[in-house]
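Peer 1:
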Amino acid sequence: MSFRTNPKKAIPFVLKRLRMTRTTCKTLDKSCDDKLEKLTSQIDQIKDLFMAVKGNEDELLDTLALLDRHLRTIGNIDKEKFQSDMETISQRIKDSTEKLLPKGWASQGETQASVSPKVTTSSSQDHKTAELHSIPSSSQHKDELHEENLSQKVEVSFEKLETHLKPCLLSLLVFPEDAVINKRHTIYWWIGEGFVRSSGEKTAEEVGEGVVEELLNCQMIVAYGNGLNPVVKKFKINPRIRVELMTLDSEKTLSFQEFSNQRAWLEQRKVVLGGDDKDNLKPKQWKTIFNVGASYLSFEPEWLAKMKSLEVLQLGRWQDSPSHHIEVASEEFLNELRVHKRLKYLSLRGISRIPELPPSIAQLENLEILDLKACHSLEALPTNIASMKSLTHLDVSECYLLDSMPKGIEKLTQLEVLKGFVIGSSSKTPCRISDLANLKKLKRFSVHIGSEAVIQEMEFESLKELSAVKCVKISWGVSGEKYSDIQVLFPSSLEKLDLEGFPGSAIPEWLKPSRVPGAMRKLYIKGGKLKSLDHGEICHKWHVEILRLRYLKQLQIEERKLHKLFPSLRYVERTKVLNHSFPEWRLEE
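Following this line, the structure appears as structure tokens:
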């Protein structure tokens, strides 16, 4: 074996040889064996060296590619921004070089640089209007909590928070310490509680987004991740503030104990609902039931029917991971929901053993959010769903046994979010995309092409009629040329496009720059058979600023080509592209 042509295997090979020698060679005395043991320990400590070096090498190459991009677009950048970017890139090259070169080389470089007229350190760039960010090493896990956020000083105490922020922040204490919290699910909960409401032209969800941003700005919560992705999807409570929140004096301000009144938290792994009243609180007084840690739920007959004041019923999981599996003893409890006229939020996310929803659920006339995501046993939605006039959010994504969309969804004119719309066979899909044109408030829409899908003429061209939609996701559960050659027309309001499992190998006509709306700034592509992003249009380029490419085993794209195709990029993630994960980078203006 040649170590020079295969350096990654050099250390494992030598370690194996060392251990074999110590085991099989009978002529070694104790002193020789001790030396071999010391060598084994020494080499074992550096077994990840070549991977680390490769990661640092990739980091430097990415920085050089970024510099190349700036030089190629110098005519379009103002002087002050260009100078700022060049200083930051210079610092990144210096940092990457120090990781790659032996000790002494970096200091020699600094000595040479000190004689030049101007030397700029990274500290002078902390508050510039433009800043480049990069992962220190490709081996750093991208989902670690951004440590810089934890070191920041909390800007304001709880008592000084604006009133509308306090219950939202206190609600987060129900999650376990150090829990990673999903922003979207949390906002749904806040809507059900009435903590956030629509205001003017802003929807309740948009108001909730604003609350999260305010809590981030004052460091009450901190973004989860490496700090590069400009889109915050998950967060944690700042550990510096959590202890303070748990010990608030209820006589001076709203405390968690006071907040928990009329709310039941299901924390044990197995819960039987209908036993002794929790904390002597009568069930009919409960306004919220929230599943924090239960994985098995059982209901005593008629128990749920007694809770006339219930507004939030979160029985499903709040965690993102599908490993948090939840079962119910029987789906009979759903029949008792018909009496809950005040119920605004119902989550059965991730619960199995619910094959269908009873028709009586349509009697929930004030229900706004119905979250059925990942209910893997769900086979059908109620045919009288049109009666649920107050629905603003319906999520049936990842319900893989669901093969039809009932007529009546097109009558839910308050819908703002519809996720998991299924296209199946012509006989099993009475509701089509073309029927949804009347949903004038719809802002987010995802559609799944099922295994038995029959795509009708003009099916996806009807997307353009969804005039308010900003985010579209299309996922394929099938393969074949006929499913990649569909004709698609997007609404002019489109800002984000998410494609999952696209079966084609080349960019389809409907995804070319001249065919997508100019407002589209986010493009996510996950899985599928795509081999190239070349679109063949000389006079048109995508205006995408945030690009995520994940699990694309056949996609070949060079760094230089990537920036040529997407000249407006601010953030790029490439995970398992050609089975290789690249360092993320971000350009923040």
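Going by numbering that gives the first Met the number 0, the sequence shown opens with residue 0, and the numbers climb by one from there. The beta carbon of each residue, even a glycine, is placed where N, CA and C say it ideally should be.
1. What is the rounded straight-line gap between the Cα of residue 433 and the Cα of residue 158?
2. State whether the stretch 416-423 contacts the stretch 452-466, with contact taken as three or more CB pairs (one from each stretch) at a distance under 8 Å.
3. With 16 other CB atoms within 10 Å as the buried threshold, where does residue 448 fall?
4. Quick one: grab the DSSP three-state call for residue 398.
5. Since residue 223 is in the beta strand (DSSP E), which residue starts that stretch and which ends it?
6. If residue 527 sits next to residue 501, beta carbons under 8 Å apart, how far is it from one beta carbon to the other, in whole angstroms?
7. Determine the contact status of residue 576 and residue 584, defining contact as a CB-CB distance below 8 Å.
8. Out of 39, 326, 9, state which residue places its alpha-carbon closest to the alpha-carbon of residue 20.
9. Smallest Cα separation from residue 566: which of 382, 543, 413?
10. With C-beta atoms as the reference, is residue 213 less than 8 Å away from residue 172?
11. Any idea if residue 519 is buried or exposed, counting beta-carbon neighbours within 10 angstroms, 16 or more meaning buried?
12. DSSP three-state call for residue 416: helix, strand or coil?
13. Just to confirm, are residue 534 and residue 563 a CB contact at a threshold of 8 Å?
14. Going along the chain, which residues of its own chain have a beta-carbon closer than 7 Å to the beta-carbon of residue 264, five neighbours each way excluded?
15. So, residue 401 versus residue 366, is the Cβ gap smaller than 8 Å?
16. How would you label residue 237, buried or exposed, when you count the other beta carbons within 10 angstroms and need 16 or more for buried?
17. Mapping the DSSP letters down to three states, classify residue 379 as helix, strand or coil.
18. How close, in whole Å, do the beta carbons of residue 235 and residue 195 come, if the pair is a contact with beta carbons under 8 Å?
19. Hey, quick one: how far does the alpha helix (DSSP H) through residue 203 stretch, first residue to last?
20. Would you call the CB atoms of residue 363 and residue 342 closer than 8 Å?
21. Under the assumption that residue 191 contacts residue 311 (Cβ atoms under 8 Å), give the Cβ distance between them as a whole number of angstroms.
22. Kindly indicate the opening and closing residues of the alpha helix (DSSP H) around residue 430.
23. What does the alpha-carbon distance come out to for the pair residue 207 and residue 392?
24. Exposed or buried, which one is residue 203 when buried takes at least 16 other CB atoms within 10 Å?
25. Run through the DSSP bridge pairs and tell me what residue 344 is partnered with.
26. Between the Cα of residue 472 and the Cα atoms of 466, 462, 230, 517, which residue gives the shortest distance?
27. Just curious, the beta strand (DSSP E) that residue 448 is in, first and last residue?
28. Restricting to Cα atoms, I'd like to know which of 439, 301, 409 is closest to residue 331.
29. Near residue 247, which residues of its chain fall below 6 Å by C-beta distance, leaving aside the five closest residues on each side in sequence?
30. Are residue 435 and residue 409 touching if we call contact CB-CB under 8 Å?
31. Sorted by chain position, which residues of the same chain lie with C-beta nearer than 8 Å to residue 244's C-beta, five sequence neighbours on each side aside?
32. Using CA coordinates, which residue listed in 536, 559, 574 is at the minimum distance from residue 549?
33. Compare the Cα-Cα distances from residue 260 to each of 199, 240, 285 and report the closest residue.
34. Could you round the C-beta distance between residue 229 and residue 545 to whole angstroms and report it? I think they count as a contact, below 8 Å.
35. For residue 538, which of helix, strand or coil comes out of DSSP?
Peer 2: On the basis of the coordinates in this document:
1. On the sequence shown, residue 433 is found 434 positions in, with the first residue counted as 1. On the sequence shown, residue 158 is found 159 positions in, with the first residue counted as 1. Cα to Cα, residue 433 sits roughly 51 Å from residue 158.
2. Touching, per the Cβ criterion.
3. Here the question's residue 448 lines up with position 449 in the sequence shown. In summary, residue 448 is buried, with 16 or more beta-carbon neighbours lying within 10 Å of its beta-carbon over all protein chains present.
4. As a working mapping, residue 398 is identified with position 399 in the sequence shown. The answer is coil: DSSP assigns residue 398 none of H, G, I, E or B.
5. Here residue 223 corresponds to residue number 224 of the sequence shown, with the count starting at 1. Element bounds for residue 223: n/a, residue is neither H nor E.
6. As a first step, residue 527 must be located in the sequence shown, where it is residue number 528. As a first step, residue 501 must be located in the sequence shown, where it is residue number 502. Taking C-beta atoms under 8 Å as the contact rule, residue 527 and residue 501 qualify, at a distance of about 4 Å.
7. Start at 1 with the first residue of the sequence shown, and residue 576 comes out as number 577. Start at 1 with the first residue of the sequence shown, and residue 584 comes out as number 585. No; because the gap between Cβ atoms is not below 8 Å, this pair is not in contact.
8. As a working mapping, residue 20 is identified with position 21 in the sequence shown. Residue 39 is the option with its Cα nearest to residue 20.
9. Counting from one through the sequence shown, the residue named residue 566 turns up at place 567. Answer by Cα proximity: 543.
10. As a first step, residue 213 is located in the sequence shown; it is residue number 214 there, counting from the start. As a first step, residue 172 is located in the sequence shown; it is residue number 173 there, counting from the start. No, Cβ-Cβ distance for residue 213 and residue 172 is not below 8 Å.
11. Position 520 of the sequence shown holds residue 519. Classification for residue 519: buried.
12. Here residue 416 refers to the residue found at position 417 of the sequence shown. If DSSP states are grouped into helix, strand and coil, residue 416 belongs with the strands.
13. On the sequence shown, position 535 is the one that residue 534 refers to. On the sequence shown, position 564 is the one that residue 563 refers to. Their beta carbons are not under 8 Å apart, which means residue 534 does not touch residue 563 by this criterion.
14. Start at 1 with the first residue of the sequence shown, and residue 264 comes out as number 265. A distance below 7 Å between beta-carbons, with the five flanking residues on each side excluded, links residue 264 to the following residues of its chain, in chain order: 173, 289, 291.
15. Along the sequence shown, one-based indexing puts residue 401 at 402. Along the sequence shown, one-based indexing puts residue 366 at 367. No, these two residues do not count as a Cβ contact at 8 Å.
16. Counting from one through the sequence shown, the residue named residue 237 turns up at place 238. With at least 16 other beta carbons inside 10 angstroms of its own, residue 237 counts as buried.
17. For the purposes of this step, residue 379 is taken as the residue at position 380 of the sequence shown. Of the three classes helix, strand and coil, the one that applies to residue 379 here is strand, per DSSP.
18. Position 236 of the sequence shown holds residue 235. Position 196 of the sequence shown holds residue 195. With a Cβ gap of about 20 Å, residue 235 and residue 195 do not count as contacting.
19. Counted from its first residue, the sequence shown places residue 203 at position 204. For residue 203, the enclosing alpha helix (DSSP H) begins and ends at 203-216.
20. By 1-based counting over the sequence shown, the position of residue 363 is 364. By 1-based counting over the sequence shown, the position of residue 342 is 343. The answer is yes: Cβ separation under 8 Å.
21. Translated into the one-based positions of the sequence shown, residue 191 becomes position 192. Translated into the one-based positions of the sequence shown, residue 311 becomes position 312. That pair is a contact at about 4 Å.
22. Translated into positions along the sequence shown, residue 430 becomes position 431. Per DSSP, residue 430 belongs to no alpha helix (DSSP H) and is neither H nor E.
23. Within the sequence shown, numbered from 1, the residue matching residue 207 stands at position 208. Within the sequence shown, numbered from 1, the residue matching residue 392 stands at position 393. Between residue 207 and residue 392, the C-alpha separation is close to 14 Å.
24. The residue labelled residue 203 in the question sits at position 204 within the sequence shown. Its Cβ being crowded by 16 or more others within 10 Å, residue 203 is buried.
25. Here residue 344 refers to the residue found at position 345 of the sequence shown. Its beta-bridge partners are 311, 368.
26. Walking along the sequence shown from the start, residue 472 turns up at place 473. Checking every option, the nearest Cα to that of residue 472 belongs to 462.
27. Against the sequence shown, residue 448 aligns to sequence position 449. Looking at the DSSP string, the run of the beta strand (DSSP E) that includes residue 448 is 443-448.
28. Here residue 331 refers to the residue found at position 332 of the sequence shown. Minimum Cα distance to residue 331 is reached at 301.
29. Looking up residue 247 in the sequence shown gives position 248. Correct list, in chain order: 254.
30. For the purposes of this step, residue 435 is identified with residue 436 of the sequence shown, where counting begins at 1. For the purposes of this step, residue 409 is identified with residue 410 of the sequence shown, where counting begins at 1. Yes, these two residues count as a Cβ contact at 8 Å.
31. For the purposes of this step, residue 244 is taken as residue 245 along the sequence shown, with counting starting at 1. 157, 168, 169, 172, 236, 255.
32. What you label residue 549 is simply residue 550 of the sequence shown in a count that begins at 1. Ranking the options by Cα distance to residue 549, first place goes to 574.
33. Position 261 of the sequence shown, counted from the first residue, corresponds to residue 260. When C-alpha distances from residue 260 are compared across 199, 240, 285, the shortest belongs to 285.
34. One-based indexing of the sequence shown puts residue 229 at position 230. One-based indexing of the sequence shown puts residue 545 at position 546. Contact flag correct, Cβ pair sits at about 7 Å.
35. Locating residue 538 in the sequence shown gives position 539, counting from the first residue. Reduced to three states, the DSSP call for residue 538 is coil.
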